[in-house]
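Chains as they are written, first to last, in this note's numbering: chain G, 1 to 142; chain V, 1001 to 1142. Don't be surprised by glycine CBs; every beta carbon is placed ideally from N, CA and C.
Number of protein chains: 2
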Amino acid sequence: MPKNCNFIEKLREVGLRPTKQRIKMCEVLYNREKTFHFTINDLVKIISEKMNEKISLATVYNTVHAFEKKGYLKEISIDSHKSYFDTNTSAHHHFFDEDTHELIDCDESDIDKINIRKKITGKKINSVEVLVRVASDNQTQK
Amino acid sequence: MPKNCNFIEKLREVGLRPTKQRIKMCEVLYNREKTFHFTINDLVKIISEKMNEKISLATVYNTVHAFEKKGYLKEISIDSHKSYFDTNTSAHHHFFDEDTHELIDCDESDIDKINIRKKITGKKINSVEVLVRVASDNQTQK
DNA sequence: TCAATAGTTTAGAATTATTATAATGTAGAT
DNA sequence: ATCTACATTATAATAATTCTAAACTATTGA
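Quick look at the structure:
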């Protein structure tokens, strides 16, 4: 979803009623310079602490899943204990910082095109994603 | 861990006491032709149904994590709702069948070497892993 | 051989993330 | 303004995992 767009119209377009909770969540998620990576817990904290809004936990879950279904959010699997979501819904790769638990998008140019030689009969490839895990290299330095 | 190896010695080597629960779990996990991908739930079912053994759920969790810590199992993140483990602990890529929820190892030769151009200052790359999601392509066929 | 002890197993309680429920509220159409 | 279908909410339920503390057992060394 583009930054500063008319969220009310955008929501209506895909058949989601523009409630005040959904509009507020759009602002939190999409009025940003960079793409945003978050867990539900992060989001709930931002809404309640930074925005000083009260949106029920169930609504946050419902809305995140509704946005995901409509293609406005993408789920990223990194850690089996938490669900990460990404406002960048295009096919792209990630760096995951194991120290800070932060996700970083890769640009198209950061990783060469992946060539998959293996074919599985009767199956088509839905996505190819690379996860690069990084951590501080202090240990190896003097 | 090699197939049909002396699990008792192997466990002692890394400082894990060879209890009957751990030896039984070694047999289930490592006495196989191919590498084994499983969730804790899968494993508990195999132990109780196929092996007709009773190992406490807490012990299965403890032991899987002990084996992981000692480098005999590797956790794979695919689905944020479940933890998958892999008896192949080397760096390698996976196919994930979204219909059957089955994981398939990629051979070295299945995917070209991945070239990462991006550098993150102060961080070293710990791993680079590719996940190829596949699903039935019935939809696109006549 | 046998007791001491440190590590292990266990059932069940606790915790955490997520989803379901059912009552109340609200957007959009008439 | 009223109706109706969809949304929101607090709370209960569920599922995966971890914690707890008591009972058990492999190892050590007398």
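Since His1065/V is in the alpha helix (DSSP H), which residue starts that stretch and which ends it?
-> Position 65 of the second sequence, counting from 1, holds the residue named residue 1065/V. From DSSP, the alpha helix (DSSP H) with His1065/V extends over 1057-1069.
Closest to Gly15/G by CA distance: which of Phe67/G, Thr121/G, His81/G, Thr39/G is it?
-> Locating residue 15/G in the first sequence gives position 15, where the first residue counts as 1. Per the Cα distances, Phe67/G.
What residue from Lys1034/V, Ser1048/V, His1101/V has the CA that sits closest to Asn1088/V's CA?
-> Counting from 1 along the second sequence, the entry for residue 1088/V is found at position 88. The shortest C-alpha separation from Asn1088/V is found at Lys1034/V.
Listing by chain order, which chain G residues have their CB less than 9 Å from the CB of Leu1131/V?
-> Working through the second sequence from its first residue, we reach residue 1131/V at position 131. For Leu1131/V, the residues of chain G that pass the 9 Å Cβ criterion are Ser77, Ser127, Val128, Glu129, Val130, Leu131, in the order they occur in the chain.
Could you give the residue range of the alpha helix (DSSP H) that holds Phe95/G?
-> Position 95 of the first sequence holds residue 95/G. Note, Phe95/G: premise wrong, no alpha helix (DSSP H); beta strand (DSSP E) at 94-97.
Please name the residue, chosen from Lys118/G, Glu129/G, Lys119/G, that lies closest to Ile111/G on a Cα-to-Cα basis.
-> As a working mapping, residue 111/G is identified with position 111 in the first sequence. That would be Glu129/G, whose Cα lies nearest to the Cα of Ile111/G.
How is Asn138/G classed by DSSP in three states: helix, strand or coil?
-> Looking up residue 138/G in the first sequence gives position 138. Looking at Asn138/G - three-state DSSP - the assignment turns out to be helix.
State the beta-bridge partners of Thr1039/V as determined by DSSP.
-> What you label residue 1039/V is simply residue 39 of the second sequence in a count that begins at 1. Tyr1084/V, per the DSSP bridge assignment.
Pull up the distance between the alpha-carbon of Lys54/G and that of Cys26/G, whole angstroms please.
-> As a position in the first sequence, residue 54/G is number 54, starting the count at 1. As a position in the first sequence, residue 26/G is number 26, starting the count at 1. If you take the alpha carbons of Lys54/G and Cys26/G, they lie about 15 Å apart.
Residues near Arg22/G by beta carbon distance below 7 Å, same chain, minus five either side | To locate residue 22/G, count along the first sequence from 1; it is residue 22. Correct list, in chain order: Leu11, Leu16, Thr63.
Might you give, ordered along the chain, the residues of its own chain that have their beta carbon closer than 6 Å to the beta carbon of Lys1070/V, omitting 5 neighbours on each side?
-> As a position in the second sequence, residue 1070/V is number 70, starting the count at 1. Taken in chain order, the residues that qualify are Val1014.
Thinking C-alpha only, which one of Ile1046/V, Lys1045/V, Asn1031/V, Thr1059/V is nearest Lys1143/V?
-> Absent from the model: residue 1143/V. The displayed extent of chain V is 1001 to 1142, so no value can be given.
What's the gap between the Cα of Arg133/G and the Cα of Glu1009/V?
-> Reading the first sequence from its first residue, position 133 is the one you call residue 133/G. Reading the second sequence from its first residue, position 9 is the one you call residue 1009/V. Each residue's alpha carbon lies about 33 Å from the other.
In chain G, which residues lie with their C-beta within 9 Å of the C-beta of Asp1086/V?
-> On the second sequence, position 86 is the one that residue 1086/V refers to. Result: empty, since nearest Cβ-Cβ is about 12 Å, beyond 9 Å.
Near Gln1141/V, which residues of its chain fall below 8 Å by C-beta distance, leaving aside the five closest residues on each side in sequence?
-> Counting from one through the second sequence, the residue named residue 1141/V turns up at place 141. Legend: pLDDT at Gln1141/V = 43, less than 50; position of this residue unreliable, no value from coordinates given.
How about Phe7/G: is its C-beta nearer than 8 Å to some C-beta of chain V?
-> Numbered from its first residue, the first sequence carries residue 7/G at position 7. So no, Phe7/G is outside the interface.
Determine the DSSP secondary structure at Glu129/G, reduced to helix, strand or coil.
-> Counting from 1 along the first sequence, the entry for residue 129/G is found at position 129. If DSSP states are grouped into helix, strand and coil, Glu129/G belongs with the strands.
Name, in chain order, the residues that DSSP records as bridge partners for Leu1073/V.
-> Taking the first residue of the second sequence as position 1, residue 1073/V is located at position 73. Its beta-bridge partners do not exist; DSSP assigns none.
Between the Cα of Glu1108/V and the Cα atoms of Asp42/G, His93/G, Asn115/G, Met1/G, which residue gives the shortest distance?
-> Here residue 1108/V corresponds to residue number 108 of the second sequence, with the count starting at 1. When the alpha-carbon of Glu1108/V is set against those of Asp42/G, His93/G, Asn115/G, Met1/G, the nearest one is in Asn115/G.
Under a Cβ-count criterion, where at least 16 other Cβ atoms within 10 Å of its own Cβ denotes burial, should Leu1057/V be classed as buried or exposed?
-> In the second sequence, counting from the first residue as 1, residue 1057/V sits at position 57. Result: exposed.
Taking buried to mean at least 16 other C-beta atoms within 10 Å of its own C-beta, is Asp1086/V buried or exposed?
-> What you label residue 1086/V is simply residue 86 of the second sequence in a count that begins at 1. Under this definition Asp1086/V is a buried residue.
Is the distance from the Cβ of Leu1103/V to the Cβ of Ile1078/V below 8 Å?
-> Along the second sequence, read from residue 1 onward, the residue named residue 1103/V stands at position 103. Along the second sequence, read from residue 1 onward, the residue named residue 1078/V stands at position 78. Yes, the pair counts as a contact, with Cβ atoms nearer than the cut-off.
Just grab the DSSP bridge partners of Ile1104/V for me.
-> Here residue 1104/V is taken as the residue at index 104 of the second sequence, counted from 1. Paired residue(s): Phe1095/V.
Counterpart residues of Ile1116/V in DSSP-defined beta bridges | Residue numbering aside, residue 1116/V sits at position 116 when the second sequence is read from its first letter. Ile1116/V is bridged by DSSP to Ile111/G.
Closer than 8 Å to chain G by CB, Gly1071/V = The residue you call residue 1071/V lines up with position 71 of the second sequence. Gly1071/V does not count as touching chain G.
Report the neighbours of Glu98/G on chain V: residues whose CB is nearer than 8 Å to its CB, in chain order.
-> Mapped onto the first sequence, residue 98/G falls at position 98. What Glu98/G touches in chain V: Asn1126.
For Ser1083/V, which residues in chain G fall below 9 Å Cβ to Cβ?
-> By one-based count along the second sequence, residue 1083/V stands at place 83. For Ser1083/V, the neighbours in chain G by C-beta distance under 9 Å run, in chain order, Ser80, His81.
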